[in-house]
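S.K.:
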Amino acid sequence: GDSVTQMEGPVTLSEEAFLTINCTYTATGYPSLFWYVQYPGEGLQLLLKATKADDKGSNKGFEATYRKETTSFHLEKGSVQVSDSAVYFCALTKSGGSYIPTFGRGTSLIVHP
Amino acid sequence: GAVVSQHPSWVICKSGTSVKIECRSLDFQATTMFWYRQFPKQSLMLMATSNEGSKATYEQGVEKDKFLINHASLTLSTLTVTSAHPEDSSFYICSASGTSGNIGYNEQFFGPGTRLTVL
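Taken in order, these protein sequences are the chains called E and Z.
Sequential numbering from 1027 applies to the first sequence in our numbering.
Sequential numbering from 992 applies to the second sequence in our numbering.
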């Protein structure tokens, strides 16, 4: 079946450091790929998405490129802030269905001043 | 954008009581709504999928008599945790997909979650 694998956390960085959170997926066909962010005590918010190969999703300084050849959708940000501390979930959905996401386990990011 | 709200945001109840959580789509018609449960430091676990006007489809291992789901309109779904016990304490998140005008959403929009604590 479909699956999403994220790097283990927590990821701990100093403010203004470069961030990469790895995400790889296994799926048949052409899934859409998503990154969601969950701030402490809150629900999930869509951070960015990409619906086809080579698309780059971007938002709030974060970006991720849909790489079909490596089945990856790594999340990057050039300079993190303390306010970016949250849990980040990579997910995929398949077209033609009810768009139920398959989630990764989530990666906690902790940014220190 | 598509907005989903949940009410209440947190609730504390005594063991044996029932708790109802509401999930509303504010600016689109939610033809399908989903209920998730999230344990601390873990990912979301899909509990059930409900289509407006139909009975919910529960995931394996989820007790349908324990977690009653109603999706009576295109903007409202409710989850009732019946005879709650401490092990039901968790973070419950709903999401919805559907349409707004001529736009069909090919993704889910998530509510902010409800923290349930059963004493």
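Heads up, the beta-carbon is just placed ideally off N, CA and C, and yes, glycines get one too.
1) Would E1068(E) count as contacting chain Z if we go by Cβ distances under 9 Å?
2) Who does M1036(Z) pair with in a DSSP beta bridge?
3) Mind pulling the chain Z residues with CB within less than 9 Å of K1075(E)?
4) Helix or strand or just coil, what does DSSP make of S1088(Z)?
5) With burial defined as no fewer than 16 other Cβ atoms inside 10 Å of the residue's Cβ, what is the status of A1103(E): buried or exposed?
6) Pull the bridge partners of S1041(Z) from the DSSP assignment, please.
7) V994(Z): buried (16+ other C-beta within 10 angstroms of its C-beta) or exposed?
8) Alpha carbon to alpha carbon, how far is A1053(E) from C1116(E)?
9) Check for me: the beta strand (DSSP E) holding A979(E) runs from which residue to which?
10) Please confirm whether Y1027(Z) and L1035(Z) have their CB atoms less than 9 Å apart.
11) Say whether the region 1082 to 1094 of chain E touches the region 995 to 1008 of chain Z, bearing in mind that this needs 3 or more beta-carbon pairs closer than 8 Å, one atom from each stretch.
12) Count the other CB atoms within 10 Å of the CB of Q1029(Z); is the residue buried (16 or more) or exposed (fewer)?
13) Rounded C-beta distance between T1071(Z) and L1059(Z)? I'm assuming under 8 Å.
14) Looking only at its chain, what residues have a beta carbon closer than 8 Å to the beta carbon of L1070(E), apart from the 5 residues adjacent to it on each side?
15) Which value, in whole angstroms, describes the spacing of the CA atoms of F1129(E) and S1029(E)?
16) Please report how far the alpha carbon of T1097(E) lies from the alpha carbon of S1134(E), in whole angstroms.
17) Is the Cβ-Cβ distance between L1067(Z) and Q1020(Z) less than 9 Å?
18) Note down, in chain order, every chain Z residue with its Cβ under 8 Å from the Cβ of F1099(E).
19) Does the Cβ of S1109(E) have 16 or more other Cβ atoms within 10 Å, making it buried, or fewer, making it exposed?
20) If you reduce the DSSP assignment to three classes, tell me which class V1053(Z) lands in.
21) Taking the continuous beta strand (DSSP E) assigned at F1060(E), which residues delimit it?
22) Is DSSP giving S1009(Z) helix, strand or coil here?
23) Is there at least one Cβ from chain Z nearer than 9 Å to Y1092(E)'s Cβ?
M.R.: Straight from the coordinates:
1) yes
2) R1028(Z)
3) E1098
4) strand
5) The identity of residue 1103(E) in the sequence shown is Lys, whereas the question assumes Ala. By the neighbour-count rule (16 or more Cβ atoms within 10 Å), K1103(E) is buried.
6) M1024(Z)
7) exposed
8) 14 Å
9) Given that chain E is displayed from residue 1027 to residue 1139, the structure contains no residue 979(E) and the question cannot be resolved.
10) yes
11) no
12) buried
13) 4 Å
14) Y1062, V1063, Q1064 and F1115
15) 8 Å
16) 22 Å
17) no
18) Those do not exist, as F1099(E) stays about 15 Å from chain Z at its closest Cβ, beyond 8 Å.
19) exposed
20) coil
21) S1058 to Q1064
22) coil
23) no
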